[in-house]
Amino acid sequence: MSEEILVNVTPRETRVAVVENGMLQEVHLERASRRGNVGNIYKGRVARVMPGMQAAFVDIGLERTAFLHAADIARVAQADGIEAATGGGAANGATANGHGHAALPSICELLRDGQDIVVQVIKDAIGSKGARVSAHLSIPSRCLVLLPQAHTLGISARIEDEDERTRLREIIARRTGENAPGYIVRTNAEGANEDALAFDLAYLGKVWRVVQENIARAQVGERVYEELSLPLRALRDLMHEDMEKVRVDSRETFDKLVKFVTKFMPELAGRIEHYTGERPIFDLFGVEDEIQRALDKNVPLKSGGYLVIDQTEAMTTIDVNTGGFLGARNLEDTAFRTNLEAAQAAARQLRLRNLGGIIIFDFIDMGDPEHRRQVLRHLEKSLAGDYAKTTVYAMSPLGLVEMTRKRTTESLARQLCEPCPTCSGRGVLKTAETVTYEIFREITRAVRQFEANQLLVLAASRVVQRILEEESTAVAELEQFTRKSIRFQPEEHYTQEQFDVVLL
């Protein structure tokens, strides 16, 4: 499989695209005006403890207070001159009940209003919700994740070879000693030599010492550790042995990437390339067109079927339709073939659109249990390459499949778009007929409340045209009923639902 990373840099925006076999799989963007905060560590202050929610709201200097659940706090200890919630969460090897602990103490036992606390953003503010934070701090490097408050060692589940897992565990144990902090060995560490792991250990030790110094002198709301910029994060998290090339269209960013790769993964340094072509790099590889298509609700399938993707506050639904696909022998076979293609296409769309949370697939009904099993297995196989954690549940009798995908940032559509000002995000508009009758009711209401000789109605051109052409009799009756003259004036800049009744 051929993989490339494309980095497009402009003064106010940086974008990273992951392309596999010539097809766009992921898009990440970062804007200077609002960089994401995931991974950043802040010195915060508890604004309000919420016993009924087993959580607290913490002021970390952002626009909205952050949300901290009791599961993300193990105990409260004195550290660096402030009270800091510390301990090991699910990532540190604790048992999990959905929040990472089998039995949680009351939030009131862990925190109090006005208490200072060091927390890390684990999920950016999304919609009307503030950022989600954790008191379990973690600092990643190329091969490892430092868990400074824990004393456990975890190995990525994606490293499946038992001999390799044992080798990595022995190296880390030998290099750190008994009282060392906790570490997670990342997938990138597979095959890494001892020198590379030792380098990461030294790097993380230096970073943590700087963070401790920053915590000691920081004021509430100050950031004490900042995650890497998008291009460097992309190399740290996405670069691997099979990545053929990283093309970047900025000389300055190219130099930074080369320096970073030379330091952390020198064997891959030759794969960084400065793109100097005339055509924009995203145009050359068709990325711009793919991004535009990723904002559409409908996704066409090669067979003639299509997906309809709807993202709401609570969940994302993906509806599968056969469309014009009639090539199979019978209805069951048509449904099966379309569902197989849809499962693969949908898995790609989840990555491309960065859709997360609860996702529900409405596959075409299939009567054959073996077909249902194969579609589910194909969906799971198609999701295997996703960097985000996914969990797929069994297909229901109605052909619905529920799944979850870990979400840490807004979806692509919510990063690039805003709710339509005309429909306010509803996705539908009142018809001209509906607005007409609203105008008639408003005229009646206005005449009863206020004195006027005549009335002027300002409305969208389409609405005025409909009133004058199709409702002229109704207008005459209304003038007779109100004993007022009514004049209609089209306004080009009015939306279809907008109108004003003016008394003259």
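Residue 491 in the UniProt record's numbering sits at position 491 of the sequence shown, with consecutive numbering throughout. Glycine is no exception: its CB is placed at the ideal position from the N, C-alpha and C atoms. Remember, predicted model here, so these are calculated numbers, not experimental data.
Backbone secondary structure at residue i - three-state DSSP
i	result
Lys381	helix
Ala79	Any answer about Ala79 is weak, because its pLDDT of 35 lies below 50 and its placement is not dependable; what the coordinates show is given next. If DSSP states are grouped into helix, strand and coil, Ala79 belongs with the strands.
Asp362	strand
Gly367	coil
Thr334	helix
Phe488	strand
Gly44	strand
Thr482	helix
Gly427	coil
Glu164	helix
Thr312	coil
Ser138	coil
Phe285	coil
Ala474	helix
Met53	helix
Val7	strand
Leu504	coil
Glu402	strand
Asp228	For clarity, residue 228 is Leu in the given sequence; the question names Asp instead. Note: Leu228 maps to coil in three-state DSSP.
Ala234	helix
Val220	coil
Asp116	strand
Arg279	coil
Arg293	helix
Thr375	First, the residue type needs correcting, since residue 375 is Val and not Thr in the sequence shown. Helix, per DSSP.
Tyr387	coil
Ala103	coil
Glu190	coil
Val38	coil
Thr495	coil
Leu350	helix
Contact under 7 Å by Cβ, residue i with residue j
i	j	result
Thr408	Val38	yes
Ala47	Ile107	no
Phe488	Ile467	yes
Val501	Ala452	no
Arg158	Thr187	yes
Ala32	Arg15	no
Thr317	Ile360	yes
Ile272	Val287	no
Tyr142	Arg236	Going by the sequence as given, residue 142 is Arg instead of Tyr. Yes, the Cβ-Cβ distance between Arg142 and Arg236 is below 7 Å.
Glu30	Leu230	yes
Leu204	Leu146	yes
Asn40	Glu222	no
Gly427	Pro419	no
Ala394	Leu295	no
Glu20	Asp242	no
Thr436	Glu471	yes
Glu410	Ile126	yes
When the options are compared against residue i, the one with the closest alpha-carbon
i	options	result
Ile364	Val392, Ser229, Val401 and Ala32	Val401
Ile5	Arg112, Phe254 and Glu13	Phe254
Glu491	Glu160, Ala460, Ser485 and Ala269	Ala460
Ala103	Lys259, Ile73, Gln120 and Asp124	Ile73
Gln25	Val224, Arg132 and Arg348	Arg348
Leu383	Lys406, Gly399 and Leu201	Lys406
Ser156	Arg167, Ile184, Ile309 and Leu228	Ile184
Gly114	Ala150, Gly44, Gly130 and Pro105	Gly44
Val133	Thr65, Arg169, Met366 and Glu190	Thr65
Ala320	Pro231, Val475 and Pro300	What sits at residue 320 in the sequence shown is Val, not Ala. Ranking Pro231, Val475 and Pro300 by Cα distance to Val320 puts Pro300 first.
Val211	Ala388, Leu137, Val428 and Asp283	Leu137
Val308	Thr152, Asp368, Ala342 and Thr166	Ala342
Gly22	Glu370, Ala189 and Glu244	Glu244
Glu479	Arg462, Gln449, Leu456 and Glu469	Leu456
Gln311	Val118, Leu355, Thr338 and Ala234	Leu355
residue 571	Ile215, Val121, Arg169 and Asn179	In the structure as shown, the chain begins at 1 and stops at 504. Residue 571 is therefore absent and cannot be evaluated.
Ala216	Asp289, Gly154, Leu228 and Ile117	Ile117
Gly367	Val463, Val207, Val248 and Gly399	Gly399
Val7	Ala189, Gln149, Thr276 and Asn330	Thr276
Val207	Leu228, Glu267, Pro266 and Ile172	Leu228
For residue i, the residue or residues it bridges with in DSSP
i	result
Lys129	Ile126
His274	Val248
Gly154	Ile184
residue 571	Because the chain in this structure spans residues 1 to 504, residue 571 falls outside the shown range and cannot be described.
Met23	Glu20
Asn321	Tyr306
Gly357	Arg405
Met243	Glu3
Thr14	Val9 and Glu30
Asp59	Arg45
The ligand ZN heavy atom lying under 6 Å from the CB of residue i
i	result
Gln489	What this structure holds is no ligand at all, so the ligand ZN is not there to describe.
Sequence ranges, beta strand (DSSP E) only - wholly within the stretch 403–469, length at least 3 | 454–459
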